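Residues in the sequence shown are numbered consecutively from 1, following UniProt numbering.
Each residue gets a CB set at the ideal place from its N, CA and C atoms; glycine is no exception.
Note that the structure is predicted; figures quoted are calculated from it, not measured.
Contents: one structure, followed by commentary.
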Amino acid sequence: MSNETGHLNRRSFLKGLVALGAVAALPGGLLTSRCALAQPPVPFNPKTYKIYRNACPRNCYDTCSLKTWVKDGVITFVEGAPESTFTHGTPCVKGLSYPRRVYSPDRIKYPMAQAVRGRGNWRRSSWEAAMPRSAARLLEIKTNAGSVLVLALATY
């Protein structure tokens, strides 16, 4: 890690840092893909599981092709569809974490309205109140800014 004179040079210092980083990453499993650790339920029994083919709707233009494993009406596993010509079976983390989004106790289950904008004081609203308010706001955005801004993925 030093040159002929015994002094540490920049190249040797960087080599040492890389080696130290690699050794530090080994115990935590940082060098293994977390997605590779997730395995589908085996053996697959068509009477127990159903596999649905769908696309990830999580606000990106990839719209990854997914295979969703469902048991008793509950998503148990999500994997990429290998026949996808765009992602080749490797969806992003948003797609793989879709079951967490669906079943999270913190998910939004009903309409919410803010009493005073910008203060974070959200309250539960009824569907009857939320739908006309949302429709009016979308029409206002369409009128003022054009239809492309109404839907996030309208141009894809």
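Residue i - DSSP class collapsed to helix/strand/coil
{"i": "Ile-141", "result": "helix"}
{"i": "Gly-80", "result": "strand"}
{"i": "Lys-15", "result": "helix"}
{"i": "Ser-97", "result": "coil"}
{"i": "Ser-147", "result": "helix"}
{"i": "Arg-133", "result": "helix"}
{"i": "Leu-20", "result": "helix"}
{"i": "Tyr-110", "result": "coil"}
{"i": "Tyr-103", "result": "helix"}
{"i": "Arg-53", "result": "strand"}
{"i": "Asn-9", "result": "coil"}
Neighbourhood of residue i by C-beta, 7 angstroms cutoff - its chain only, sequence neighbours within 5 removed
{"i": "Ala-81", "result": "Arg-53, Ser-65, Leu-66, Lys-67, Gly-89"}
{"i": "Lys-47", "result": "none"}
{"i": "Thr-87", "result": "Asp-62, Cys-64, Ser-65, Gly-80"}
{"i": "Arg-101", "result": "Arg-107"}
{"i": "Arg-124", "result": "Tyr-110, Met-112"}
8 angstroms CB neighbourhood of residue i in its chain, flanking five on each side removed
{"i": "Ala-129", "result": "Pro-111, Ala-113"}
{"i": "Tyr-49", "result": "Pro-41, Trp-69, Val-70, Lys-71, Thr-76"}
Short Cβ contact (8 angstroms threshold) for residue i with residue j
{"i": "Trp-69", "j": "Thr-63", "result": "no"}
{"i": "Leu-96", "j": "Val-78", "result": "yes"}
{"i": "Cys-56", "j": "Tyr-103", "result": "no"}
Neighbourhood of residue i by C-beta, 6 angstroms cutoff - its chain only, sequence neighbours within 5 removed
{"i": "Trp-122", "result": "Met-112, Gln-114"}
{"i": "Met-131", "result": "none"}
{"i": "Asn-144", "result": "none"}
Residue i versus the options, residue with shortest Cα-Cα distance
{"i": "Lys-71", "options": "Ile-141, Thr-85, Ser-84, Ile-51", "result": "Ile-51"}
{"i": "Ser-126", "options": "Gly-21, Ala-136, Lys-109", "result": "Lys-109"}
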